[in-house]
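This note's numbering puts the first residue of the sequence shown at 972, with every later residue one more than the last.
Backbone N, C-alpha and C fix where the C-beta goes; we use that ideal spot for every residue, glycine too.
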Amino acid sequence: MDDSGGVDLAALARGGLRIISTAPVVLDHLRRLTGEHGLFEHALHDEPRRTLGYTVDDNARALVVLCRYARVVGESPDLQPYLGMVVSGVVAGGWHNRMTPSGLWDDLRGSDDAHARAIWGLGEVLAAGMGDVDAVDSLRAGIVSFESTYPRPVSYAIFGGVAALEAGLLVDLIGDFLTSSSGRLPSPASGDWIWPEPKLTYANARIPEAMIRVGEALGDGALVTRGLEVLAWLIDIETGSNGFSFTPVAGRGPAEMKPAFDQQPIEAWAMADACFAAGRVDGDEKWARGVVDAATWFLGRNDCGAVVYDATTGAGFDGLRPTDVNRNRGAESTLSALGSLIRLRQVTMASS
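Structure follows, in structure tokens:
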């Protein structure tokens, strides 16, 4: 499985996997959430909550999704509202994160996640050939100043570094950065709970994805194997009776039962991307199945059978509750749905 094709669907059929028709990847709601300075963070139902402003977090993730959309769908959406915000947010030691509706920065420096996601978004833009010298300079500044040791920011930054490296940009700087970052990823624990933290929290599959992707980039087979093992364990932990039963917003520890709620769309996108990365380095059909199961969580293959994606507008709902969905359709949820469905399209491409 790779970025240019799909998987052997006949093999998947022999394994008993029923491919669900690809849902349309629609950008209408994303455009509705876009204002003068980028992507608004929150929505009340389908209306952007403009008074709550923008974040680099969401605008950087919009860059990731739209660059992948351009590759897979063959259309090039306008990146400027999102790219302009991310490039303008660089500060000493990192990035701003929060911007007011009028376009003023509302913090001195944002979180490690914002810094790392900015690196990720810029790396994807440059890999897609959709950036400029300002994007390169911002990525360079972000990599030089990145010091986080938290596993999720390290993972996001790795994704941006790998993307830029694949594009042949800043090769020496990024090579050194990926080598040092690979050493910041946590090691699995021993026993039945091999997750490298006391409990699962958010965007969990990003950690094994980072192991796989940086291991592949550096030719570190042991790190790739570690990532595949941790991801396989996570799939087992997060599988329910009707597809994925993701870790709820409050987290999940070894003794906590599933299903539990609210389940967040960010978990499904993380899982879809991680399984896609695993499929690039390992031919086992279970990784393609993981992509399908993660993406179709949005289409009703989840603990309460609720559809978490509006196929008419391209909106993602803000969470899965015990009997229904959160009717708000903010940026993170919408980007997570679109990102997952782009991966679904990639693995089902061979059937068309």
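Quick check on P1223: buried or exposed, where buried means 16 or more other Cβ atoms within 10 Å of its Cβ?
At residue 1223 the sequence reads Arg, which differs from the Pro that was named. Buried is the call here.
Segment contact, 8 angstroms Cβ cut-off, at least three pairs: the region 1130–1141 with the region 1158–1176
no
Cβ pair R1042, S1126 closer than 8 angstroms
no
Take T1005 and list the residues in its own chain whose beta-carbon comes closer than 6 angstroms to its own, dropping the five residues that flank it on each side.
P1052
For the candidate residues S1047, A1089, L1050, whose alpha-carbon lies nearest to that of H1067?
A1089
Tell me whether the region 995–1009 and the region 1254–1274 touch, counting them as touching only if at least three CB pairs, one residue from each stretch, are closer than 8 angstroms.
no
In this structure, does DSSP put L1315 in helix, strand or coil?
helix
Just curious, the alpha helix (DSSP H) that W1166 is in, first and last residue?
W1166 -> no alpha helix (DSSP H), and no H or E assigned at all.
Which ranges does the alpha helix (DSSP H) cover as unbroken runs of at least 4 residues, wholly within the region 993–1058, from first to last along the chain?
999–1003, 1027–1044
Less than 8 angstroms between the C-beta atoms of G1024 and T1071, yes or no?
yes
Considering only the beta carbon of each residue, do V1296 and A1265 sit closer than 8 angstroms?
no
Identify the residues that DSSP records as bridge partners of Q1234: which are they?
P1219, L1291
Is the distance from the Cβ of G1065 to the Cβ of G1055 below 8 angstroms?
no
Nearest candidate by alpha-carbon position, reference K1229, set P1236, S1212, E1238, S1161:
S1212
I need the straight-line Cα distance from I1237 to S1304, nearest angstrom please.
7 angstroms
Please classify V978 as buried or exposed, where buried requires at least 16 other C-beta atoms within 10 Å of its C-beta.
Residue confidence for V978 is low, a pLDDT of 49 falling below 50, so the modelled location carries little weight and cannot support an answer.
Alpha-carbon spacing of L1110 relative to L1144, whole angstroms
11 angstroms
Taking the beta carbon of T1218 as the centre, do at least 16 other beta carbons fall within 10 Å, making it buried, or is it exposed?
buried
Please state the DSSP three-state secondary structure of Y1127.
helix
What's the call for A981, buried or exposed, on a 16-neighbour Cβ count within 10 Å?
Summary for A981: the model assigns pLDDT 47, below 50, so the residue's position carries little reliability; its value from the coordinates is reported in the next sentence. The residue is exposed, with fewer than 16 neighbouring Cβ atoms inside 10 Å.
Which residues does DSSP pair with R1069 in a beta bridge?
T1026
C-alpha gap between D1084 and L1156, whole angstroms
15 angstroms
Using only the alpha-carbon positions, how far apart do G1102 and V1096 sit?
5 angstroms
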